[in-house]
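Residue numbers (our numbering): 493 to 738.
Laid out in structure tokens, this is it:
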């Protein structure tokens with residue numbers, strides 16, 4: 493189970509040295525811009541040519557999957573999580589939203605996409621999906637699987653946080669491009685996919701996402717103790733002023 497590699501050279505080295513029965517590669521949202529369409533596994537098409545010298549995380553994962561697709565006789569399986577949250581989330585993206593709901597001020601949300609299915613998953617669900625993909629009784633060779641929540645939007649997430657905290661959800665829709673980047677760590681970007689279709693993981697792996705409420709309960713328990721702060725929250729006053737002017 494490979495949670496680490498995100499450069500194509502790393503995966504190429506694994507493919508040359510691997511002697512096990514199945515290599516499970518944890519990827520990411522490798523899909524091209526789908527402009528509001530929910531992503532299916534086949535929407536990713538392996539890239540052509542050679543990888544550039546420098547790659548960010550998403551492009552690196554796309555090239556890793558491209559390298560896998562070019563192998564012969566290598567028993568790989570891919571799990572594709574979207575943005576993942578849970579207790580001790582080192583990205584602090586979920587904390588960004590909890591902080592904003594908790595302070596009682598308006599929360600800027602993209603008017604174009606607040607009700608789209610969002611690309612979100614609970615870390616425990618992704619662990620479950622990985623365990624299922626590692627089960628050698630399942631025939632998953634050279635297949636990719638989306639794993640995420642289903643029919644959960646940014647609005648659902650924020651309203652769920654508000655209910656758990658016992659406060660109102662003061663959502664303030666604004667154009668995506670006008671919302672500061674640090675205030676919208678989950679987007680959703682109107683150019684991107686509207687979350688995932690998870691039918692393949694459900695039917696072939698037996699994957700089923702948890703209830704959002706269960707994920708939030710555990711995440712909020714961590715938040716109440718740790719009190720983390722997302723870097724973008726430093727500009728909260730600017731967001732509140734923007735909400736007041738629109």
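Note that the Cβ used here is the ideal one computed from N, Cα and C, for glycine as well.
Local Cβ density within 10 Å of residue 527, reported as buried at 16 or more and exposed below that: exposed
Residues near residue 645 by beta carbon distance below 7 Å, same chain, minus five either side: 606, 607, 608, 609, 610
Simplified DSSP state of residue 494, which is helix, strand or coil: strand
Spatially closest choice to residue 695 from 668, 630, 581, by CA coordinates: 630
Status (buried if at least 16 other CB within 10 Å, exposed otherwise) for residue 554: buried
C-beta contact flag for residue 712 and residue 675 at 8 Å: no
Span separating the alpha-carbon of residue 727 from that of residue 698: 43 Å
Residue 717 to residue 648 span [Cα, whole Å]: 24 Å
Where residue 575 falls: helix, strand or coil (DSSP): strand
For residue 685, the nearest candidate out of 732, 540, 574 (CA to CA): 574
Terminal residues of the alpha helix (DSSP H) in which residue 644 lies: From DSSP, residue 644 is part of no alpha helix (DSSP H); its letter is neither H nor E.
Rounded distance between the beta-carbons of residue 639 and residue 593, thought under 8 Å: No, residue 593 and residue 639 are not in contact; Cβ-Cβ is about 26 Å, not under 8 Å.
Beta-carbon proximity check, residue 530 vs residue 687, cutoff 8 Å: yes
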